[in-house]
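**Student:**
Protein chains: 2
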Amino acid sequence: MDSTSTRRRNTRQKLYEAAVTLIAEKGFSSTSVEEIAERAGVAKGTVYYNFKSKSELFEELLRYGVGLLTASLQEAADETAARGGGKVESLDAMIRAGLLFIHRYPAFTQLYVAELWRTNRAWQSTLLVVRQQAVAVVERVLTEGVANGELSEEIDIPLTAAALVGMVLVAALDWQAFQSERSLDDVHAALSRLLHGRVGGGRS
Amino acid sequence: MDSTSTRRRNTRQKLYEAAVTLIAEKGFSSTSVEEIAERAGVAKGTVYYNFKSKSELFEELLRYGVGLLTASLQEAADETAARGGGKVESLDAMIRAGLLFIHRYPAFTQLYVAELWRTNRAWQSTLLVVRQQAVAVVERVLTEGVANGELSEEIDIPLTAAALVGMVLVAALDWQAFQSERSLDDVHAALSRLLHGRVGGGRS
DNA sequence: ACTTTTGGACTGACCGGTCAGTTCAAATAT
DNA sequence: ATATTTGAACTGACCGGTCAGTCCAAAAGT
């Protein structure tokens, strides 16, 4: 009944884990299939038994990872709403959820950012879908906030959503790479202040 | 006896331009030296006459590009200051300068973002220096703004600077890749609104 | 109970091909 | 004259993908 045996699922999981860190470190094309297999404790042929090609392994990895991210963002938004919080509060909670995700899966985030804007690559279309999934969660909250009256009607939803996602992404990676002594709360506080407009102040 | 003749400088320039687009498209390791030479209209041997290695060509490219960026940001800040504008105004001008830069040199930005957070690479130290150069310009303006009283003393300068840079970077790349029909003014307006706190509505 | 068969999962040597880097003699520019 | 470029040949390493064969647990046959 189970088309994928537990044994096979286990092997796949090990390959994902090996691939994600290696590709984050060295990039897709300078990571060899043999290396991935070796780190997963498996023979090279096994990779090709489980995946059609190196790219396919990578694409499935992307789908899997972004699935985790959007679920986590959505959950943060829902949980805030259930508590009767406003949309700005939801955005704030999503920022924190994003930071937590990146903290937990730093390699995946690195790899996502590094590959997202490349053109002409085989997995371009996969990335497009996957990006849209992530941004859509933020866009939805912004839309609701505008309908709500809580957010100004002037805001440009797609652009603002992209900017917010970018802010979190880059701030988190930077935190990780260059300011790792700071706490998650520090980073969250700094981003939250930006979101609430306590940096550029409200006038003019 | 110019240590670098104009002829040589010209060849270098052509190689930079060829390398930047190719590497942005396909990544460092799947771009071959022969390809770069061919696109530059130059023989492969010439590459090795002008640069020690492929990596060295890439590192010099990074230094060259970030030099252009920081100069452009600094100029925007200075020009605002000369007009008697405040620090928030300077930040706004820098956002625009950043967007313009990315619009003019999209390939360089792609490549920078894709390589910045990789670990264990040969040019890691070059990237660190180069990133610090770019972020420092923003940090300086923030510091002045705090000293000024124009910005709250509560803001966390390194984290806020990183977040602002990230916001611009990702918003611009996203604009380029997924929303290219929007005008530069639209994108600038959206980011400006975030900076001025007109999204999360400010008082508290 | 016990042998035999089956087929999914895995292995690793191997193949065709690519690429960075080196070398160099001849050509061309300054 | 000297600096720079050319273009082609060559090397040695590496890499993605293939494939004939091994392993083994469970089903089928006796």
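Protein sequences, first through last, are from chains E and V. Going by numbering that gives the first Met the number 0, the letters in the first sequence line up with residues 0 to 203, in that order. Going by numbering that gives the first Met the number 0, the letters in the second sequence line up with residues 0 to 203, in that order. Yeah, the Cβ is synthetic: ideal placement off N, Cα and C, and Gly gets one too.
#1: Suppose the cutoff is 7 angstroms on Cβ atoms and the five residues either side in sequence are ignored; what does the same chain contact list for V32/V look like?
#2: Take A17/V and list the residues in its own chain whose beta-carbon comes closer than 6 angstroms to its own, dropping the five residues that flank it on each side.
#3: Within the 9 angstroms Cβ cut-off, does M0/E reach chain V?
#4: Any idea if A189/V is buried or exposed, counting beta-carbon neighbours within 10 angstroms, 16 or more meaning buried?
#5: Roughly how many angstroms separate the alpha carbons of L183/V and Y104/V, rounded to a whole number?
#6: Name the chain V residues whose beta carbon is nearer than 9 angstroms to that of E24/E?
#7: Can you list the residues of chain E that H102/V reaches, using a CB-CB cut of under 7 angstroms?
#8: Note down, in chain order, each residue of its chain lying with its Cβ closer than 8 angstroms to the Cβ of T159/V, except the 5 sequence neighbours on either side.
#9: Could you round the C-beta distance between V137/V and M166/V to whole angstroms and report it? I think they count as a contact, below 8 angstroms.
#10: Our contact map puts I154/V next to R192/E with C-beta atoms below 8 angstroms; I'd like the distance itself, whole angstroms only.
#11: In chain order, which alpha helix (DSSP H) runs of at least 4 residues are fully inside the region 94-126 of chain E?
#12: Indicate the three-state DSSP secondary structure (helix, strand or coil) for H195/E in the structure shown.
#13: Strictly under 9 angstroms for the Cβ-Cβ distance: is M93/E near chain V by that measure?
#14: What separation, rounded to the nearest whole angstrom, lies between the Cα atoms of K208/E and L60/E?
#15: How many whole angstroms separate the CB atoms of V164/E and R62/E, which I take to be in contact at a CB cut-off of 8 angstroms?
#16: Please report how far the alpha carbon of R181/V lies from the alpha carbon of R82/E, in whole angstroms.
#17: Mark L110/E as exposed unless 16 or more other C-beta atoms lie within 10 angstroms of its C-beta, in which case mark it buried.
#18: Determine, using beta carbons only, whether A106/V and A75/V come nearer to each other than 9 angstroms.
#19: What did DSSP end up calling T30/V once you bin it into helix, strand or coil?
#20: Would you give the residue range spanned by the alpha helix (DSSP H) that G165/E belongs to?
**Tutor:** Reading from the atomic positions:
#1: Indexing the second sequence from 1 puts residue 32/V at position 33. Excluding residues within five positions, the ones whose Cβ falls inside 7 angstroms are K43, V46, K53.
#2: Here residue 17/V refers to the residue found at position 18 when the second sequence is read from its first residue. Cβ within range, chain order: I35, R38, A39.
#3: Start at 1 with the first residue of the first sequence, and residue 0/E comes out as number 1. With a pLDDT of only 38 at M0/E, under 50, the local geometry of the prediction cannot be trusted, and the value read off the model is given with reservation. So, not an interface residue.
#4: The residue you call residue 189/V lines up with position 190 of the second sequence. Residue environment analysis places A189/V among the buried positions, since at least 16 neighbouring C-beta atoms fall within 10 angstroms of its C-beta.
#5: Looking up residue 183/V in the second sequence gives position 184. Looking up residue 104/V in the second sequence gives position 105. Each residue's alpha carbon lies about 14 angstroms from the other.
#6: The sequence position of residue 24/E within the first sequence is 25, counting from 1. Residues of chain V passing the Cβ test: R117, T118, N119, R120.
#7: On the second sequence, position 103 is the one that residue 102/V refers to. What H102/V touches in chain E: nothing, since even the nearest Cβ is about 14 angstroms away.
#8: As a working mapping, residue 159/V is identified with position 160 in the second sequence. Once the five neighbours on either side are set aside, the close Cβ partners of T159/V are L141.
#9: Within the second sequence, numbered from 1, the residue matching residue 137/V stands at position 138. Within the second sequence, numbered from 1, the residue matching residue 166/V stands at position 167. Not a contact, Cβ separation roughly 11 angstroms.
#10: Within the second sequence, numbered from 1, the residue matching residue 154/V stands at position 155. Within the first sequence, numbered from 1, the residue matching residue 192/E stands at position 193. Yes, I154/V and R192/E are in contact; Cβ-Cβ is about 6 angstroms, under 8 angstroms.
#11: 105-115
#12: One-based indexing of the first sequence puts residue 195/E at position 196. Three-state DSSP puts H195/E in coil, outside helix and strand.
#13: As a working note, residue 93/E is residue 94 in the first sequence. No - not a single Cβ of chain V is within 9 angstroms of the one on M93/E.
#14: It is not possible to answer for residue 208/E, since the shown part of chain E is limited to 0 through 203.
#15: Numbered from 1 along the first sequence, position 165 holds the residue referred to as residue 164/E. Numbered from 1 along the first sequence, position 63 holds the residue referred to as residue 62/E. The Cβ separation is near 18 angstroms, so there is no contact.
#16: Here residue 181/V refers to the residue found at position 182 of the second sequence. Here residue 82/E refers to the residue found at position 83 of the first sequence. Their Cα atoms are separated by approximately 37 angstroms.
#17: Reading the first sequence from its first residue, position 111 is the one you call residue 110/E. Burial call: buried.
#18: Position 107 of the second sequence, counted from the start, is the residue given in the question as residue 106/V. Position 76 of the second sequence, counted from the start, is the residue given in the question as residue 75/V. No, Cβ-Cβ distance for A106/V and A75/V is not below 9 angstroms.
#19: Here residue 30/V corresponds to residue number 31 of the second sequence, with the count starting at 1. Of the three classes helix, strand and coil, the one that applies to T30/V here is coil, per DSSP.
#20: As a working note, residue 165/E is residue 166 in the first sequence. For G165/E, the uninterrupted alpha helix (DSSP H) run begins and ends at 156-177, by DSSP.
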